[in-house]
Structures are given as C-alpha cells and as structure tokens.
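*Asks:*
Protein chains in written order, with our numbering: chain A, 1 to 115; chain B, 116 to 227.
See the structure below:
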C-alpha cells in the first residue's frame, strides 16, 4: 500500500509568479484535502476535493485553486504569489469525506518559499 | 466556529518520564479528536484519535482522555523515549465535517 506522495519537495518562486503543487493520494482513498502550514503553526485548511469536485473551502482567496483527477490525484495552484504564501503545503488523503471512517494520511509536504 | 487551544507550547521531559499535552475546544458539536505527531521535515502522522462516545483510549505507551463536559482532551505519553521528540498537534471536528481545526502544536523534547 503506497502512502501520499507530494512533489516537488522544495520550491522557490518570485512574488507574482504562479505555482502548481502535486499530490498522489494513498491507494483506495478518494478524498484529498490541502492544508497550509506556516512555520511554528498548526495547519490551516485550504480546500478538499471529493470525486473530482471541490467539497469544502477554507478562508483562502480565489487565487488558490485546485483540481482532482479520475485517479484521485490532485493539484494545488496558486496564482499571483505573495511573500505570505511562503509555507509548507500539505496534502492529506482519506477514505471518503468526513472522519467517520478514519482520519487523514498526510504527505511530507512541499516547502514553498516566495522571494 | 470551532477553536482549539493547546498547551504547553514546549514541553521538556526526562527520558523515561511521562508527558501530558492538553487541549480545549469550543464547539460542543465536535465529536472527533485526533492527535498528530510531526517530525522535522515530515507531514503530520495520526498517532491516536478518540470519539465523543468514549472517555479514554489507549495504544501501548500513548493514551488520550476526553472530558466532554469541560470540553478538554489530553494526550498522555508514558515511558518517553528519544524518538518521541517531535511536535504534537491536537485537532477537533464534527465527524461529518470536511476539515479539522488544529491546535498550535506542542514541541516535545526528550532529554537523555
């Protein structure tokens, strides 16, 4: 059983640029959630994808967008990067939405630095 | 909405001693309370969770207790070992919700 894999592991971008982060969910999981974790803080929910549709969104602006593909892998896209977007971006997969059937499996994250 | 507070922010204990991390939550509708361990350079890993129909759950050296009336829950680690050093996060949610609300984390340091 493979876990959650994220790519790239590290990324440096310039303010105003666009970035795409990728996530492969754990085998058998159909739900992917994305979180932003600033240094020294707990993760903040960005959005969740379930069966290729956005299933919920946190308090993030529209320049944060995503996709989920038929194989349940997912992308997080951020446009017009700002310095405050520098953070660890975590992808978590789960079996169905909600937590009735269990919790998340997280990837190791993508460390994004905006300069 | 839900708000989760976690204490202490840093906890240093002697190897072999016990460690306790405490969290409080605000939304009485929350019924799912997981604990995650995050090692340096890695994503959070679920170590134990508890649901509101249970007051205590144990898995080897770790245990979690829940007091629904007081809206607080705690992580207990006994016989601490160097590999327990990490940042621990508590979280809370209603189990049909799509997101977890996280505490700010506790950095646990195990002194040899």
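The C-beta atom is built at its ideal place from N, Cα and C for all residues, glycine as well.
Does the distance from the CB of residue 180 of chain B to the CB of residue 194 of chain B come in under 8 Å?
*Replies:* It is not a contact, given that the beta carbons lie outside the stated cut-off.
*Asks:* Short check: CB of residue 89 of chain A to CB of residue 68 of chain A, under 8 Å?
*Replies:* In this structure, residue 68 of chain A does not lie closer than 8 Å to residue 89 of chain A by Cβ.
*Asks:* From the DSSP output, in three-state form, read off residue 54 of chain A for me.
*Replies:* Three-state DSSP puts residue 54 of chain A in a strand.
*Asks:* According to the neighbour-count rule (16 or more other Cβ atoms, all chains shown, within 10 Å of its Cβ), is residue 169 of chain B buried or exposed?
*Replies:* It is exposed - the Cβ of residue 169 of chain B has fewer than 16 other Cβ atoms within 10 Å.
*Asks:* What does a CB cutoff of less than 7 Å around residue 8 of chain A pick up in its chain, not counting 5 residues either side in sequence?
*Replies:* Taken in chain order, the residues that qualify are 110.
*Asks:* Is any beta-carbon of chain A found at less than 8 Å from that of residue 184 of chain B?
*Replies:* Taking Cβ atoms only, chain A never reaches closer than 8 Å to residue 184 of chain B, which makes this a no.
*Asks:* How would you label residue 132 of chain B, buried or exposed, when you count the other beta carbons within 10 angstroms and need 16 or more for buried?
*Replies:* So residue 132 of chain B ends up on the exposed side.
*Asks:* Give me the Cβ distance between residue 147 of chain B and residue 97 of chain A, rounded to the nearest whole Å; I'm assuming they're in contact under 8 Å.
*Replies:* Not quite, the Cβ-Cβ distance comes to about 13 Å (not below 8 Å), so this is no contact.
*Asks:* How do the stretch 136-147 of chain B and the stretch 34-41 of chain A stand: do at least 3 beta-carbon pairs fall below 8 Å, yes or no?
*Replies:* No, because fewer than three Cβ pairs between the stretch 136-147 of chain B and the stretch 34-41 of chain A fall closer than 8 Å, the two stretches do not touch.
*Asks:* Under 8 Å between C-beta atoms, does residue 100 of chain A make it to chain B?
*Replies:* Yes, residue 100 of chain A lies at the interface with chain B (some Cβ there is under 8 Å from its Cβ).
*Asks:* Is DSSP giving residue 96 of chain A helix, strand or coil here?
*Replies:* If DSSP states are grouped into helix, strand and coil, residue 96 of chain A belongs with coil.
*Asks:* At what residues does the beta strand (DSSP E) containing residue 152 of chain B begin and finish?
*Replies:* Element bounds for residue 152 of chain B: 147-153.
*Asks:* So residue 80 of chain A and residue 4 of chain A are in contact, right, with Cβ under 8 Å, and what is the actual spacing, rounded?
*Replies:* No, residue 80 of chain A and residue 4 of chain A are not in contact; Cβ-Cβ is about 27 Å, not under 8 Å.
*Asks:* With residue 47 of chain A and residue 40 of chain A assumed to form a contact (beta carbons below 8 Å), what rounded beta-carbon distance in angstroms separates them?
*Replies:* No, residue 47 of chain A and residue 40 of chain A are not in contact; Cβ-Cβ is about 23 Å, not under 8 Å.
*Asks:* Looking only at DSSP bridge pairs, what is residue 74 of chain A linked to?
*Replies:* Residue 74 of chain A is bridged to A/23 and A/68.
*Asks:* Going by the CB atoms, is the gap between residue 163 of chain B and residue 177 of chain B shorter than 8 Å?
*Replies:* The answer is yes: Cβ separation under 8 Å.
*Asks:* Run through the DSSP bridge pairs and tell me what residue 203 of chain B is partnered with.
*Replies:* Looking at the DSSP assignment, residue 203 of chain B forms a beta bridge with B/152 and B/221.
*Asks:* Just tell me which of A/14, A/107 and A/6 has its CA closest to the CA of residue 84 of chain A.
*Replies:* Checked all of A/14, A/107 and A/6; the closest Cα to residue 84 of chain A is A/14.
*Asks:* Kindly say whether residue 219 of chain B, judged by its beta-carbon, lies nearer than 8 Å to any beta-carbon of chain A.
*Replies:* With 8 Å as the cut-off, residue 219 of chain B counts as an interface residue toward chain A.
*Asks:* Considering residue 73 of chain B, what are the terminal residues of the beta strand (DSSP E) in which it resides?
*Replies:* Residue 73 of chain B cannot be examined here, being either before or after the span of chain B that is shown, 116 to 227.
*Asks:* Just reading off the beta strand (DSSP E) that residue 35 of chain A is part of, what are its end residues?
*Replies:* 31-37 is the extent of the beta strand (DSSP E) around residue 35 of chain A.
*Asks:* Counting only beta-carbon atoms, is residue 137 of chain B nearer than 8 Å to chain A?
*Replies:* Judged by the 8 Å Cβ criterion, residue 137 of chain B is not in contact with chain A.
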